[in-house]
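Residue numbers (my numbering): 519 to 604. A virtual CB, placed ideally from N, CA and C, is assigned to each residue, including glycine. Notes for the one structure printed next.
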């Protein structure tokens with residue numbers, strides 16, 4: 519039996535912020551609301567967002583197909599998506 523790590527919403531948010539911080543180091547994550555568009559709020563382009571999703575995949579092992587990118591606009595959506603797949 520293979521044990522899989524269970525992540526809390528807070529752990530997933532902290533990891534997401536850590537990875538986003540590598541892409542947008544000047545961003546103020548204290549100002550990012552859970553229901554706010556991540557790309558718009560942090561002023562990151564689609565290429566940077568793709569790099570963020572790749573980094574999430576590398577850290578968590580969650581495959582995020584391109585068809586699902588539109589479901590990952592806010593931190594709330596991102597965390598719910600990740601929790602459903604971990």
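Check, Outcome
"Tell me, which residues are paired with residue 592 by DSSP?", "555"
"Hey, would you say residue 542 sits closer than 8 Å to residue 560, going by beta carbons?", "yes"
"Is DSSP giving residue 519 helix, strand or coil here?", "For residue 519, the pLDDT reaches just 43, beneath the cut-off of 50, and the residue's location in the model is therefore unreliable, although a value from the coordinates is still provided. Reduced to three states, the DSSP call for residue 519 is coil."
"Enumerate in chain order the residues of its own chain whose CB-to-CB distance from residue 555 is below 8 Å, with the five nearest sequence positions on each side excluded.", "591, 592"
"Is residue 604 buried or exposed, if buried means 16 or more other CB atoms sit within 10 Å of its CB?", "exposed"
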